[in-house]
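**Q** Sharing a structure below in structure tokens format, with a few things to ask.
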Amino acid sequence: MDYSKLRVKRAGGRPLYEQLVETLEGAVEAGELKNGERLPSERELAGRLKLSRTTVAGAYRELESRGLVRSHVGRGTFVCARPEPSDAPFAWRGKVSASVARLGNSLSLRHLTKDVLNMKIISFAASSPSLECFPVEAYQRATERVLHRSRDAALGLSPTEGQPRLRELVAARFKTRAERVLILSGSQQGLDLMARCLLDPGDSVVMDRPGYVGAIQTFRAAGANLIGWDVLRADLGELEDLVMRYRPKLIYTDPTFQNPTGRVLPLRERQELLKLAARYRVPIIEDNPWQETYLDAPPPPTLYHLDTHNIVIHLSTFSKIFAPGLRLGWLVASEYIVDQLASIKQYEDVSSEGLTQLVLAELLQGGLFDDHLAGLRKEHAGKRDLMIKALRRHVPPRSFEFNTPRGGLHLWGRLNEGVSARQLLRQTLAKGVAFAPGEMFYSDGGGRHELRLCFTSVAAVKIEEGVKRLAEILARERSGAAGRGEYAVPLV
């Protein structure tokens, strides 16, 4: 926009800042000021129009209150509204909170789940166990028993901390005290509670790179500065440098069958990580939904069980073992932290859902949980092997490099020869195949040539067909990338 054409009348009695607001608002409506366009600084515009800086500042504040612009400290003031559909107020885009605005339009959790109910799509995107293994009849019988014996507890108000019976069973299984257990509406709620409890805007968080997209979203919404630690190298020297440089409020890591890479942090590195965190007095959030999803040998002990300084908060879930629709997670921490988190939880979840918790308690106590786990591991191992065979059969080895996962639900790999995962996804969706592009697992724009395939969520009979379609599109994308002279860095 040509700001030299802006005019304000000093005669007539109307405040100058009101005239400036009206003029700039009209420019937004007319499209002269584009969405995302940076306005001149208050000092600069005041100088151009020969106004006081106070007048311009007042106009900018009024425009922000109307949802037309947003100011960012150190960056400037930007237009953030554009015409909405005819049935929506014009300025809603500018009315969202700063925490929501920080999320932007990047790929997010909801992108992973939007195609799961579309029967025309073979989705390797969503992180789900094999629902064919869900013990439907046993779950129904357990539900009937709970409703018959514990109707009031199941259907009435429940403690914010969770049903005492389930807390006790989780504690016994995890070898801790029930007072240290907090039941959650899914582990994502746990991340949100911990961000609200431990983080202030501007705090730094050191986290896995690449890492869980839900954690990236949650910490970013809290206003945290996200610092990536290369999880594949898992260099403790690099981690110490990051801790010394940024003085983070916490370290977030997924050390067991890590999402998305599948890597397992060895025992020695776990011990060194705990020593480092204790030395610099930095708490660790151990996100560990995969501990019992091993397909070969069991993983090392959790950070929580190795911890001798009371600095680990352990987060887990039943959703990755039974079904994501159950939305039932849990965390273990010091009693002080559990009390603080429960105090925050009560504002959004005063009474935790009782029926599902008591049904899960029935399954845990009756031994069906372990029977289910044994069958699930066998089913998942078979699906993993089917996917790897299909990839080796249909995809040239130099075009897609990957490692064999030893647990968890995912296979992580890198596309070579210049192929972009996001561009590949656009093409595969048209052919009925979805996956998770690597960019969503990076907080700093990495992962352009990486992708994650969930091998457990698709019926076994559809795995090869899905891989075959993906391979056909990949072959075309490789040819296009080669023609453009684009090449990716090989996987190290």
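FYI, in this note's numbering the residues of the sequence shown are 1001 to 1492. Note that CB positions come from ideal geometry on N, CA and C, so glycine has one too.
1) Where in the stretch 1272-1307 do unbroken runs of the alpha helix (DSSP H), each at least 4 residues long, occur, reported from the N-terminal end onward?
2) Can you list, in chain order, the residues of its chain whose CB lies under 6 Å from that of Y1442, leaving out five sequence neighbours each side?
3) Between E1477 and V1419, which are expected to be in contact by the criterion C-beta below 8 Å, what is the C-beta distance as a whole number of angstroms?
4) Mapping the DSSP letters down to three states, classify T1317 as helix, strand or coil.
5) Can you say whether R1070 is buried or exposed, counting buried as having 16 or more other CB atoms within 10 angstroms of its CB?
6) Exposed or buried, what is G1407 when buried is set at 16 or more other beta-carbons lying within 10 Å of its beta-carbon?
7) Going along the chain, which unbroken runs of the beta strand (DSSP E) with 3 or more residues stay wholly within the stretch 1016-1080?
8) Pick from T1261, N1288, A1361 and P1298: whose alpha carbon is nearest that of L1451?
9) Which same chain residues, not among the five before or five after E1062, have their C-beta less than 6 Å away from its C-beta?
10) The alpha helix (DSSP H) spanning I1388 covers which residue range?
11) In chain order, what residues of the same chain lie with their CB nearer than 6 Å to the CB of E1032, ignoring the 5 residues before and after it?
12) For the putative contact between V1282 and P1248, defined by C-beta atoms under 8 Å, what is the C-beta separation to the nearest angstrom?
13) Give every residue of the same chain whose Cβ lies closer than 8 Å to the Cβ of Y1017, excluding the five residues on either side of it in the sequence, and list them in chain order.
14) Helix, strand or coil: which one does DSSP assign to M1194?
15) What do you reckon, are the CB atoms on T1428 and I1463 nearer than 8 Å?
16) In the DSSP output, what is S1204 paired with across the bridge?
17) What residue ranges within the stretch 1400-1439 form continuous beta strand (DSSP E) runs of no fewer than 3 residues, ordered along the chain?
18) What distance in whole Å lies between the Cβ atoms of F1435 and A1125, which are believed to be in contact at a cut-off of 8 Å?
19) Excluding sequence positions up to five away, which residues of its chain have a Cβ less than 7 Å from the Cβ of V1492?
20) For D1349 versus T1143, is the C-beta distance shorter than 8 Å?
21) Should M1244 go down as buried or exposed, given a rule of 16 or more other Cβ atoms within 10 Å for buried?
22) Do three or more CB pairs link the stretch 1300-1314 to the stretch 1119-1138 at distances below 8 Å?
23) With distance defined between alpha-carbon atoms, name the residue in A1154, L1155 and L1166 nearest to G1366.
24) Could you give the DSSP three-state label for S1150: helix, strand or coil?
25) Taking S1128 and C1454 to be in contact with their CB atoms under 8 Å, please state how far apart those CB atoms are, rounded to whole angstroms.
26) Using only alpha-carbon positions, find the residue among E1137, A1221 and A1460 that is nearest to D1203.
27) Would you identify the three-state DSSP class for E1465, choosing helix, strand or coil?
28) On the CB-based measure, 16 or more other CB atoms within 10 Å of its CB, does G1466 come out buried or exposed?
29) Excluding five sequence neighbours on each side, which residues of the same chain lie with their C-beta closer than 6 Å to the C-beta of E1379?
30) Might you give, ordered along the chain, the residues of its own chain that have their beta carbon closer than 7 Å to the beta carbon of Q1423, omitting 5 neighbours on each side?
31) Starting from I1183, trace the beta strand (DSSP E) in both directions and tell me its first and last residue.
32) Helix, strand or coil, according to DSSP, for E1312 in the structure here?
33) So for E1486, helix, strand or coil by DSSP?
34) By a C-beta neighbour count over all protein chains shown, 10 Å radius and 16 as the cutoff for buried, is S943 buried or exposed?
**A** According to the structure data:
1) 1303-1306
2) Cβ neighbours of Y1442 beyond the five flanking positions: P1210.
3) 5 Å
4) Here DSSP, grouped into helix, strand and coil, assigns T1317 to strand.
5) buried
6) buried
7) 1069-1072 and 1076-1079
8) T1261
9) For E1062, where only same-chain residues beyond five positions count, the Cβ hits under 6 Å are V1021.
10) L1368 to H1394
11) M1001
12) The distance from the Cβ of V1282 to that of P1248 is about 6 Å, consistent with a contact at the 8 Å cut-off.
13) T1055, V1056, G1058, A1059 and E1062
14) Judged by DSSP in its simplified three-state form, M1194 adopts helix.
15) no
16) N1225
17) With a minimum length of 3 residues, the continuous beta strand (DSSP E) runs that stay inside the stretch 1400-1439 are 1400-1402 and 1410-1415.
18) 5 Å
19) At V1492 the pLDDT is 29, less than 50, meaning the model places this residue with poor confidence; the figure from the coordinates comes in the next sentence. Within the same chain, no Cβ atom closer than 7 Å to the Cβ of V1492 is found once the five residues on either side in sequence are excluded.
20) In this structure, the beta-carbon distance from D1349 to T1143 does not fall below 8 Å.
21) exposed
22) no
23) Here the closest residue by C-alpha is L1166.
24) Annotated three-state conformation of S1150 is coil, per DSSP.
25) 7 Å
26) A1221
27) helix
28) buried
29) Excluding positions up to five away in sequence, the list reads S1130 and C1133.
30) E1477
31) V1181 to L1184
32) The sequence as given places Val at residue 1312; Glu does not occur at that position. DSSP, read as helix, strand or coil, puts V1312 in strand.
33) Residue placement at E1486 is poorly supported in this model, since its pLDDT is 45, which falls under 50; the coordinates are not used for a value here.
34) Limits of the chain in this structure are 1001 at one end and 1492 at the other, which puts residue 943 out of reach.
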